[in-house]
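2 protein chains.
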Amino acid sequence: MIHKLIDYIELYTALSVAEKEDLKELVEIRQFEKHAVIFREGQISTDIYFVLEGCVRLFYDVDGTDKTAFFYTEGQFICAGESYTFSKPAAENYEVLENSTLCIFSKKTIEKLMQRSIAFENIARIAVENELLTAQRIIASFVTQSAEERYTDLLKNQGELFLRVPQHYIATFLGVSPETLSRIKQRVTRR
Amino acid sequence: MIHKLIDYIELYTALSVAEKEDLKELVEIRQFEKHAVIFREGQISTDIYFVLEGCVRLFYDVDGTDKTAFFYTEGQFICAGESYTFSKPAAENYEVLENSTLCIFSKKTIEKLMQRSIAFENIARIAVENELLTAQRIIASFVTQSAEERYTDLLKNQGELFLRVPQHYIATFLGVSPETLSRIKQRVTRR
DNA sequence: GTGATTTCTTGACGATCGTCAAGGAGATGT
DNA sequence: ACATCTCCTTGACGATCGTCAAGAAATCAC
Numbered sequence: 001m002i003h004k005l006i007d008y009i010e011l012y013t014a015l016s017v018a019e020k021e022d023l024k025e026l027v028e029i030r031q032f033e034k035h036a037v038i039f040r041e042g043q044i045s046t047d048i049y050f051v052l053e054g055c056v057r058l059f060y061d062v063d064g065t066d067k068t069a070f071f072y073t074e075g076q077f078i079c080a081g082e083s084y085t086f087s088k089p090a091a092e093n094y095e096v097l098e099n100s101t102l103c104i105f106s107k108k109t110i111e112k113l114m115q116r117s118i119a120f121e122n123i124a125r126i127a128v129e130n131e132l133l134t135a136q137r138i139i140a141s142f143v144t145q146s147a148e149e150r151y152t153d154l155l156k157n158q159g160e161l162f163l164r165v166p167q168h169y170i171a172t173f174l175g176v177s178p179e180t181l182s183r184i185k186q187r188v189t190r191r
Numbered sequence: 001m002i003h004k005l006i007d008y009i010e011l012y013t014a015l016s017v018a019e020k021e022d023l024k025e026l027v028e029i030r031q032f033e034k035h036a037v038i039f040r041e042g043q044i045s046t047d048i049y050f051v052l053e054g055c056v057r058l059f060y061d062v063d064g065t066d067k068t069a070f071f072y073t074e075g076q077f078i079c080a081g082e083s084y085t086f087s088k089p090a091a092e093n094y095e096v097l098e099n100s101t102l103c104i105f106s107k108k109t110i111e112k113l114m115q116r117s118i119a120f121e122n123i124a125r126i127a128v129e130n131e132l133l134t135a136q137r138i139i140a141s142f143v144t145q146s147a148e149e150r151y152t153d154l155l156k157n158q159g160e161l162f163l164r165v166p167q168h169y170i171a172t173f174l175g176v177s178p179e180t181l182s183r184i185k186q187r188v189t190r191r
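Protein chains in written order, with UniProt numbering: chain S, 1 to 191; chain P, 1 to 191.
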């Protein structure tokens, strides 16, 4: 299963035999069942996750209602940034939406990997940069587009999400209520 | 003037004498007048900027209307990420809102700095990570808060912005039209 | 397969929003 | 000081949105 992680990494950087061995030795792989919460608000995050198979959502609990802010699928790193970097309680939750297989990188594992090879530092840097680009695209979409435009763009660019994920989660990701997304769909398909 | 850059950097990492000399030698400092556009959409970005004094906004031109997505003030790095990393035309513009003093790091300068000391790599990493945290906070605010809540939070956390920046720019940053921000202000102060 | 649970849709209604337009206030330049 | 320009406010109106509630559809568990 770890070979999948290696495959994803080698999309960016080739790894030496020793580096691959390091990963096999240090990285934990764990299965999560649908609906499992891998990380809950209030906890202090000491791990970074990587999605090998499946799908995870980031959500906030706002006065008892559920607001999902992001979906992570195969090939993406998951990190509760604020909590991880400052060792303070997280404000967000992460829930597995399908039976999923994740890599778990503990802080110690990451330290060891960084020490053993600069390749792992580069990978970390690229991962963070990619996340930043994604985040900035999302902000741009909130500032420059209507909810309807965000919906049609998501359909075009990540249409698979609609097949994998309940729509009311996608609704809040787009910044609207589930009822509104239902009506936007109706409005759009009627054209 | 370069000492200001050094002061900001040393909030995170102490610099050796040699490293400070590297910065003095390689980093360009330039003055920009209010309303100057330091970078326009369609251009390919080869520089990273750092705000020593003043204020810059990132904005998109959407069908002729202006949507500002972010404000950069003293101590922040400015980088047109997509354009810089993939050498493709940028979709966004950067405009100076006050007479400002910026550092300019060309790609070559950055390469040289990275070669000369690992400290500069660490600084780059921390800067990117900070930007990511900020971006994720903004996304969370769009997903979990109303426009009015985003307004009151901005007032509490970055109230100086309202003294430095025209309100119609802040409006689109909050995701609403200038008229709506005006009415939100009225609504809020009436309580 | 049947019942239970979850998810999606639809209706109604009040709140909020964007847009167009006009007017006023403040800053700027000469 | 005056005219100009930019920015902010206010009004009106139609569009969109959130919420509450009910019902339909799909999914899940046994």
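C-beta atoms are modelled at their ideal positions from N, C-alpha and C, and glycine is treated no differently.
- In the structure shown, the three-state DSSP call for Ser182/S is helix.
- Three or more Cβ pairs drawn from the region 91-100 of chain P and the region 41-61 of chain P lie within less than 8 Å of each other, which places the two stretches in contact.
- For Asn93/S, the uninterrupted beta strand (DSSP E) segment begins and ends at 93-96.
- Among the residues of chain S, those whose CB is under 9 Å from the CB of Ile139/P are Ala69, Phe70, Ala135, Ile138, Ile139, Phe142, following chain order.
- Taking the Cα of Phe173/S as reference, the smallest distance to any Cα among Tyr8/S, Leu154/S, Lys108/S is reached at Leu154/S.
- The DSSP assignment places 28-32, 37-39, 47-53, 55-62, 65-73 as complete runs of the beta strand (DSSP E) inside the region 15-86 of chain P, in order along the chain (cut-off: 3 residues).
- Using a Cβ-Cβ distance cut-off of 8 Å, the region 163-178 of chain S and the region 61-75 of chain S are in contact, since at least three pairs of beta carbons, one from each stretch, lie closer than that value.
- Around the C-beta of Lys34/P, fewer than 16 other C-beta atoms lie within 10 Å, and the residue is accordingly described as exposed.
- Counting C-beta atoms within 10 angstroms of its own C-beta, Gln136/S has 16 or more neighbours from the protein chains shown and is therefore classed as buried.
- In this structure the region 101-117 of chain P does not touch the region 112-124 of chain S; the number of beta carbon pairs closer than 8 Å is below three.
- One finds Leu133 in chain S with Cβ atoms closer than 7 Å to the Cβ of Glu82/P, taken in chain order.
- For Arg30/S, not one C-beta of chain P is nearer than 9 Å to its own C-beta.
- Residue-level contact by beta carbon holds for Gly175/P and chain S, with a gap shorter than 9 Å.
- Under the three-pair Cβ rule at 8 Å, the region 138-149 of chain P does not count as touching the region 116-128 of chain P.
- Taking a contact to require three or more Cβ pairs closer than 8 Å, the region 43-51 of chain S and the region 72-89 of chain S qualify as touching.
- Following the DSSP letters along the chain, one finds Ser141/P inside the alpha helix (DSSP H) bounded by residues 118-144.
- In the DSSP assignment, Leu155/P falls outside any beta strand (DSSP E) and within the unbroken alpha helix (DSSP H) covering 147-158.
- In the structure shown, Thr101/P adopts extended strand secondary structure according to DSSP, grouped into three states.
- Leu133/S and Glu131/P do not touch by the CB rule: their CB atoms are close to 10 Å apart, not below 8 Å.
- Spanning the alpha carbons of Glu19/P and Lys4/P requires a straight line of approximately 15 Å.
- Around Val62/S, the beta-carbon contacts reaching into chain P at under 7 Å are Thr144.
- Out of Gly75/P, Leu181/P, Cys103/P, the CA that lies nearest to the CA of Leu11/P is found in Gly75/P.
- Within the region 160-188 of chain P, Thr172, Phe173, Gly175 place their CB atoms closer than 8 Å to a CB of chain S, listed in sequence order.
- Taking the beta carbon of Glu53/S as reference, no residue of chain P falls within 7 Å; the closest one sits roughly 25 Å away.
- In this structure Ala119/P touches Thr13/P by the C-beta definition: roughly 6 Å separates them, less than 8 Å.
- Within chain P, no residue has its beta carbon less than 8 Å from that of Arg116/S; the closest one is some 16 Å off.
- According to the DSSP assignment, Lys4/S belongs to the alpha helix (DSSP H) that extends over 2-10.
- Think of a sphere of 7 Å around the beta carbon of Arg125/P: the chain S residues whose beta carbon falls inside it are Arg125, in chain order.
- Residues of chain S whose Cβ lies closer than 7 Å to the Cβ of Glu129/P are, in chain order, Thr85, Val128.
- Contact between Leu15/S and Ile2/S is absent: CB atoms are separated by about 12 Å, not below the 8 Å threshold.
- Take the alpha-carbon of Lys156/P and the one of Ser87/P: they are about 38 Å apart.
- Non-local C-beta neighbours of Leu26/P in its own chain, meaning closer than 7 Å and more than five positions away in sequence, comprise Thr109, Lys112, Leu113, ordered along the chain.
- Residue-level contact check: Ala91/S touches chain P, since one or more beta carbons of chain P fall below 9 Å from its beta carbon.
- If you ignore the 5 residues before and after Lys67/S, its C-beta comes within less than 7 Å of the C-beta of Phe59, Tyr60, Thr172, all in its own chain and listed in chain order.
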